[in-house]
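Engineer: Before I ask anything, let me first share the structure, which is written out below as structure tokens.
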Amino acid sequence: MDTTRRNFLMRIGIALNVVAATLIAVPVVGYIASAMRKRSYQAWVKLGPMSDFPEGETRLATYTNPFTVPWDGKTSNVACWVRHLSANQMQVFAVNCAHLGCPVRWFPESRLFMCPCHGGVYYEDGERASGPPPRGLFQYEYEVRGDELWVRGGQMPTLANAV
Amino acid sequence: MANDDPRTPDPRHGPRSRHDVAGEIARIEEKSSSVLWKVLDWVDFRVKFRESILPSIVHPIPRNTASWWYVFGSATLVCLMLQVVTGICLALVYVPSAGQAWQSLEFLNYQQPLGWYLRAMHYWGSNFMVALMTIHLIQVFMFGAFKYPRELTWLVGCVLFILTLGMAFTGQVMRFDQDAYWGLGIGASMAARFPLIGQQVVQMMLGGPIIAGETLSRFFALHVFVIPGILLGLVGLHLLLVIKVGINEWPMPGRLVTRERYIDEYHELVERDGEPFVPHGVTRDVVFAGIVMLTIAAFAAYFGPKGPSGIPDPTLIETNPRPDFYFLPLFSVFALLPPYMETGLILTAPVVLIALAFLLPFYSGTGEKSWQRRPGAWILVIMMFLMLGVLGWLGTYSPWSPDMTAWSGAPVPERYVKASSPLELQGALIVQAKQCRNCHVLGDGGGMRGPALDGVASRLTRDQLIRQVLQGGGNMPAYGKNLNPAEVTALVAFLTTLHPAGELPSRDSAVPAVPATGADAAPPRTGDAG
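Chains as they are written, first to last, in the numbering used here: chain B, 1 to 163; chain E, 1001 to 1530.
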């Protein structure tokens, strides 16, 4: 094919556009996908003094998510259930039901966690009791530091990534 | 309608020809004496609408399409335009920030003049849009309008349907309250079930590790820019296809669609018995559009806006999240599916359903169009309605969820404990204190997760009751660790009294029946049956 002046110019035009499109597309894709780069959203956070969690009881505790932006408002708050077994033996459960993430509630009389959405029920140790959940409640890694309870949290617990 | 049977030609109109387009233009030009018309003429000399758009406006359509069945597509479009207008208005005040969205919704409701009304219009407009779009879809399906040569129109329509549901879901997120927050949680938990890339999908959806500021901004961009942009573009394509391929004629039983003859037959029909699209084809659409808008305005004025419900603070766990009505059937499915099927169905069912809908005109693209000769179409539509109706109705009162407040609000009714032994009274107390009624109805109140306890003694023997309480099973938690033996004895003693008057409790047939004596044979309570 012979190269005329016009289609030579057209080829330069196309080449310029391909370069420009790539230069624009790379940052756009990188910008959008930055949310899912596999970074561990986990950090140790203080849950409160041990005196807030009497032995033998299961109490609701809250912390502020360690990864926040200033406009999060109240959504940066996270709730979890703390079960104090004995001495430094604890269990810290995410409030999110293992089924589809609704907040489970603790019923101390029947010693069960119940979910208001689809009827998932868990025993006091977090094991699945009945309903649609495919597993027990998600549990936080915890540490008792002096007189304080710390947990390792930072991301919404789901079947893909527990807390 | 001009005549009773829309399918027979009306002799008053005489044969119409497509060449009448020129005649229509000439007739309009005759009126161009007014100043306004001169201005329009000046504009048109430059934009040339008369050459490009007018032929589409007056293109002939089959006269038998002038039917009230053909108004739902345009009515959906009217809703869309209403949503654009009210949506822009709301965006003038709404703050798409997780920290302030809820407050700005309250401001819209109570301080911004007429803010409540525009929120209500937008909410009811969305409900009507989903409803009218669904009716349009069913009409197109029943009239065989998806068949050759309108496959692409159907395909684009299916995408529009999905995008509109996408608008409904993202719109529900804009109403950033507890329902929206936990609805996002459900969405993220579903996304997490993708194998291997679950975590990435969740983070992509939420814009970060938890539902927070970046999540709302993301859904705002989807709801206001991304989906509407695609939606409006595809609506344009959908309309262009309707005009270029022609409106589906009224289906005649026995008139089969074939790829060889259909185009000629259609042209022959519009030549013989056609009418210009405007005004003939749109008269009923115009009337119905007015009715739809007035109805939405009336609903908005009477019922007002929806929500926002509680402030989206995830530490307030005393909440009962429910989706808007169009997602209730889905909400029910998740409660009722056996756990082992759930992940598989979440991942495959949408793909299969969408593929079946998309491919419909390719495996059923020719042949019979009329609903009178397509019983399969009837069965499908009726089954879909029953399925969505029943699931949606179940979703409104969700019997699978424990009644979270039953224990505190409802002591065991007095008539169940009249003339009870001390042991049975203690058992009645356990029923109340151990929240049995979160899941079991007794008398007037209680959850519906488990079977009602009225008459439970007619179904289970004393031994079976003990086993059921201790070990659970059949979706009941085991209470072996939560009740001591004395409590179990008392509870079961009470439960064995729960049988209709005049009916003995069930007993183990392996044990010889003995004359009733002792605690096991408490006299049947009168009034238990109520």
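Glycine included, every Cβ here is placed at the ideal spot set by N, Cα and C. As the structure is a computational prediction, the values presented were derived from the model and not from experiment.
#1: To the nearest angstrom, how far is the alpha carbon of A1452/E from that of Q1372/E?
#2: Using a Cβ distance threshold of 8 Å, determine whether the stretch 59-70 of chain B contacts the stretch 26-46 of chain B, with at least three qualifying pairs required.
#3: Considering only DSSP beta bridges, list what V82/B is partnered with.
#4: Is the number of C-beta pairs between the stretch 1058-1070 of chain E and the stretch 1270-1285 of chain E that are closer than 8 Å three or more?
#5: Tell me which residues share the same chain as I1230/E and place their Cβ nearer than 7 Å to its Cβ, disregarding the 5 neighbours each side in the sequence.
#6: Mapping DSSP to helix, strand and coil, what is W44/B?
#7: Beta carbon of V104/B, beta carbon of V95/B: below 8 Å?
#8: Which same chain residues, not among the five before or five after V1278/E, have their C-beta less than 8 Å away from its C-beta?
#9: Rank P1228/E, C1158/E, V1417/E and R1175/E by C-alpha distance to the C-alpha of R1322/E and give the top, closest one.
#10: Do the stretch 1252-1262 of chain E and the stretch 1033-1048 of chain E touch if we need at least three Cβ pairs shorter than 8 Å?
#11: Give a yes or no on whether the minimum CB-CB distance between E109/B and chain E is below 8 Å.
#12: Can you list, in chain order, the residues of its chain whose CB lies under 6 Å from that of V1441/E, leaving out five sequence neighbours each side?
#13: Ordered along the chain, which non-local residues of its own chain (more than five positions away) have a Cβ less than 7 Å from that of S86/B?
#14: Give the residues of chain E in contact with P132/B, contact being defined as C-beta atoms less than 9 Å apart.
#15: Do the stretch 141-161 of chain B and the stretch 26-36 of chain B touch if we need at least three Cβ pairs shorter than 8 Å?
#16: Flag this pair as yes or no: are the beta carbons of A1478/E and L1470/E separated by less than 8 Å?
#17: For A98/B, name the three-state secondary structure that DSSP assigns.
#18: Y1266/E to T1076/E, Cα distance in whole Å?
#19: On the criterion of 16 or more Cβ atoms from any shown chain inside 10 Å, does A1529/E qualify as buried, or is it exposed?
#20: On the CB-based measure, 16 or more other CB atoms within 10 Å of its CB, does P1251/E come out buried or exposed?
#21: By Cβ distance below 7 Å, which residues in the same chain neighbour T1461/E in space, the five residues on each side in sequence not counted?
#22: If you reduce the DSSP assignment to three classes, tell me which class Y1110/E lands in.
#23: Using only the alpha-carbon positions, how far apart do R1012/E and R1284/E sit?
#24: Could you please give the first and the last residue of the uninterrupted alpha helix (DSSP H) stretch that includes V1242/E?
#25: Among K74/B, I32/B and Q155/B, which one has its Cα closest to the Cα of V1204/E?
#26: Taking contact to mean at least 3 C-beta pairs separated by less than 8 Å, is the stretch 1105-1122 of chain E in contact with the stretch 1303-1313 of chain E?
#27: What residues in its chain sit with their C-beta under 7 Å from that of D165/B, if we drop five residues either side in the sequence?
#28: Going along chain E in order, which residues have a C-beta closer than 8 Å to the C-beta of W105/B?
#29: Measure the Cβ-Cβ separation of L1495/E and G1446/E and say whether it is below 8 Å.
#30: Any contact of the stretch 1335-1347 of chain E with the stretch 1126-1143 of chain E, i.e. 3+ C-beta pairs under 8 Å?
#31: Hey, would you say the C-beta of A1419/E is under 7 Å away from at least one heavy atom of the ligand ADP?
#32: Would you verify that the beta carbon of R5/B is, or is not, closer than 8 Å to some beta carbon of chain E?
#33: Just to check my reading of the structure: C102/B and C117/B have Cβ atoms closer than 8 Å, yes? What is that Cβ distance to the nearest angstrom?
#34: Kindly list the residues whose CB is nearer than 7 Å to the CB of G136/B, restricted to its own chain and excluding five residues on each side of it in sequence; keep chain order.
#35: Under a three-way DSSP split, which group does R1374/E fall into?
#36: If we cut at 8 Å on Cβ distances, does Q1172/E have a partner in chain C?
Structural biologist: The structure says:
#1: Locating residue 1452/E in the second sequence gives position 452, where the first residue counts as 1. Locating residue 1372/E in the second sequence gives position 372, where the first residue counts as 1. Each residue's Cα considered, the two are about 46 Å apart.
#2: Yes: at least three Cβ pairs fall under 8 Å.
#3: Numbered from its first residue, the first sequence carries residue 82/B at position 82. Bridge partners of V82/B: R59/B and V92/B.
#4: Look at the beta carbons and you see the stretch 1058-1070 of chain E touching the stretch 1270-1285 of chain E: at least three pairs across the two are nearer than 8 Å.
#5: Numbered from its first residue, the second sequence carries residue 1230/E at position 230. These residues qualify, in order along the chain: L1163.
#6: On the first sequence, residue 44/B is found 44 positions in, with the first residue counted as 1. W44/B falls in the strand class under three-state DSSP.
#7: Residue numbering aside, residue 104/B sits at position 104 when the first sequence is read from its first letter. Residue numbering aside, residue 95/B sits at position 95 when the first sequence is read from its first letter. Yes, they are a contact pair.
#8: For the purposes of this step, residue 1278/E is taken as residue 278 along the second sequence, with counting starting at 1. The residues are I1057 and V1058.
#9: By one-based count along the second sequence, residue 1322/E stands at place 322. That would be R1175/E, whose Cα lies nearest to the Cα of R1322/E.
#10: no
#11: What you label residue 109/B is simply residue 109 of the first sequence in a count that begins at 1. Taking Cβ atoms only, chain E reaches closer than 8 Å to E109/B, which makes this a yes.
#12: Against the second sequence, residue 1441/E aligns to sequence position 441. The residues are A1452.
#13: Working through the first sequence from its first residue, we reach residue 86/B at position 86. Cβ within range, chain order: E55.
#14: For the purposes of this step, residue 132/B is identified with residue 132 of the first sequence, where counting begins at 1. Under the 9 Å cutoff, chain E gives F1334, A1335, L1336, L1337, P1338, P1339, E1342 and W1400.
#15: no
#16: Working through the second sequence from its first residue, we reach residue 1478/E at position 478. Working through the second sequence from its first residue, we reach residue 1470/E at position 470. It is a contact, given that the beta carbons lie within the stated cut-off.
#17: Position 98 of the first sequence, counted from the first residue, corresponds to residue 98/B. Looking at A98/B - three-state DSSP - the assignment turns out to be coil, as it is neither helix nor strand.
#18: Position 266 of the second sequence, counting from 1, holds the residue named residue 1266/E. Position 76 of the second sequence, counting from 1, holds the residue named residue 1076/E. Y1266/E and T1076/E: Cα-Cα distance of roughly 26 Å.
#19: Locating residue 1529/E in the second sequence gives position 529, where the first residue counts as 1. Any reading at A1529/E is ruled out, since the residue's pLDDT is 41, under 50, leaving its predicted position unreliable.
#20: Position 251 of the second sequence holds residue 1251/E. Under this definition P1251/E is a buried residue.
#21: Here residue 1461/E refers to the residue found at position 461 of the second sequence. Answer for T1461/E: S1506, R1507 and D1508, listed in chain order.
#22: Position 110 of the second sequence holds residue 1110/E. Y1110/E: helix per DSSP, three-state reduction.
#23: Here residue 1012/E refers to the residue found at position 12 of the second sequence. Here residue 1284/E refers to the residue found at position 284 of the second sequence. Its pLDDT being 45, under 50, R1012/E is placed unreliably in this model, and the coordinates cannot settle the point.
#24: Taking the second sequence and counting its residues from 1, one reaches residue 1242/E at position 242. Element bounds for V1242/E: I1227 to V1245.
#25: Residue mapping note: residue 1204/E aligns to position 204 of the second sequence, counting from 1. Note on identity: in this sequence residue 1204/E is Met, with Val being the wrong assignment. Measuring C-alpha to C-alpha distances from M1204/E to each of K74/B, I32/B and Q155/B identifies I32/B as the nearest.
#26: yes
#27: Given a span of 1 to 163 for chain B in the structure shown, any question on residue 165/B remains unanswerable.
#28: What you label residue 105/B is simply residue 105 of the first sequence in a count that begins at 1. Checking the displayed sequence, the identity of residue 105/B turns out to be Arg instead of Trp. Ordered by position in chain E, the residues that pass the 8 Å Cβ test against R105/B are I1317, E1318 and M1404.
#29: Position 495 of the second sequence, counted from the start, is the residue given in the question as residue 1495/E. Position 446 of the second sequence, counted from the start, is the residue given in the question as residue 1446/E. Not closer than 8 Å, so no.
#30: no
#31: This structure does not include the ligand ADP; it has no bound ligands of any sort.
#32: Translated into positions along the first sequence, residue 5/B becomes position 5. No, R5/B does not count as interfacial toward chain E.
#33: Reading the first sequence from its first residue, position 102 is the one you call residue 102/B. Reading the first sequence from its first residue, position 117 is the one you call residue 117/B. Their Cβ separation, rounded to whole angstroms, is 4 Å, which keeps C102/B and C117/B in contact under 8 Å.
#34: Start at 1 with the first residue of the first sequence, and residue 136/B comes out as number 136. So the qualifying residues of the chain are A98, Y122, G126, E127 and R128.
#35: If you number the second sequence from 1, residue 1374/E lands on position 374. Note: R1374/E maps to coil in three-state DSSP.
#36: Among the protein chains of the structure shown, namely B and E, there is no chain C.
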